[in-house]
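Novice: Got a structure for you, written out below as structure tokens; questions coming shortly.
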Amino acid sequence: MAAEAIYILESNDGKAFDVGKKIIAQSVVLSEMMELVNDSETKTIPLTISSVLLKPIIDYCTLYQDVDEAYVVKNPPPIFLTEKDSEFMKDISNDILEDLTNAANYLNIPRLIDACLLHLRDQMRLSKIKNKQTTTNLTYEEQQSLYEKYVIWS
3 MAAEAIYILE SNDGKAFDVG KKIIAQSVVL SEMMELVNDS ETKTIPLTIS
53 SVLLKPIIDY CTLYQDVDEA YVVKNPPPIF LTEKDSEFMK DISNDILEDL
103 TNAANYLNIP RLIDACLLHL RDQMRLSKIK NKQTTTNLTY EEQQSLYEKY
153 VIWS
């Protein structure tokens with residue numbers, strides 16, 4: 003069995019990340035770039051994305067590298083984050099969430115785009131709840147009602 007080809011994703015700040023074909027295949031843009039460097043001796047793909055964003059993108063794609071079926075964008079989009087996505091998003095700071103979403107869009111990684119947007123939506127809804135809590139004294143039942151109204155779509 004032949005060893006899997008290793009590609010190097012190089013961030014705009016000079017950091018290099020070794021990745022396999024399964025990671026690259028999750029990005030439409032990287033897949034097309036992979037075809038361009040496939041015949042070349044160097045399998046380096048330079049990117050205009052910082053290592054701060056590229057690292058979590060690679061980590062996310064690693065979560066789904068062994069999923070056989072391709073991700074299909076749903077219309078309407080999913081309502082909830084998957085358990086895997088929810089676990090992953092816990093480690094993503096709000097400071098980089100917007101940039102991560104933009105980078106996922108730039109690389110055309112549909113699964114990550116959906117996960118980022120769902121997480122962003124949930125963060126905005128939680129923010130609304132927190133703002134309401136600071137302006138009024140709510141009981142636990144009232145807080146739960148607000149949470150269900152703003153965070154959970156039925």
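Add 2 to a position in the sequence shown, counting from 1, and you land on the number used in my numbering.
Cβ coordinates follow ideal geometry from the N, Cα and C atoms, glycine included.
The structure displayed is predicted, hence computed values, not measured ones.
(1) If we ignore side chains and look at the alpha-carbon of each, how far apart do TYR66 and MET126 end up?
(2) Comparing C-alpha positions only, which one of LEU120, SER29, ASN104 sits nearest to PHE90?
(3) Which term fits VAL75, buried or exposed, when burial requires 16 or more other beta carbons within 10 angstroms of its beta carbon?
(4) Enumerate in chain order the residues of its own chain whose CB-to-CB distance from ASN96 is below 8 Å, with the five nearest sequence positions on each side excluded.
(5) Pull the bridge partners of LEU11 from the DSSP assignment, please.
(6) Can you list, in chain order, the residues of its chain whose CB lies under 6 Å from that of ILE31, leaving out five sequence neighbours each side?
(7) Does PRO79 pass the burial test, meaning 16 or more other C-beta atoms within 10 Å, or should it be called exposed?
(8) Here's the rule I'm using: 16 or more other beta-carbon atoms within 10 Å means buried, otherwise exposed. How should VAL21 be labelled?
(9) Between the Cα of MET35 and the Cα atoms of LEU11, PHE19, LEU55, which residue gives the shortest distance?
(10) Considering only residues of the stretch 42 to 124, which uninterrupted alpha helix (DSSP H) runs meet the minimum length of 4 residues and lie entirely inside it, listed in chain order?
(11) Spatial neighbours of LYS17 within its chain, please: CB distance less than 7 Å, with the 5 preceding and 5 following residues excluded, ordered by chain position.
Specialist: By the coordinates alone:
(1) 26 Å
(2) LEU120
(3) exposed
(4) GLN125
(5) PHE19, ILE47
(6) According to the sequence as given, residue 31 is Val; it is not Ile. Only LEU109, ASN110 meet the Cβ criterion.
(7) exposed
(8) buried
(9) LEU11
(10) 53 to 65, 85 to 92, 96 to 109
(11) SER53
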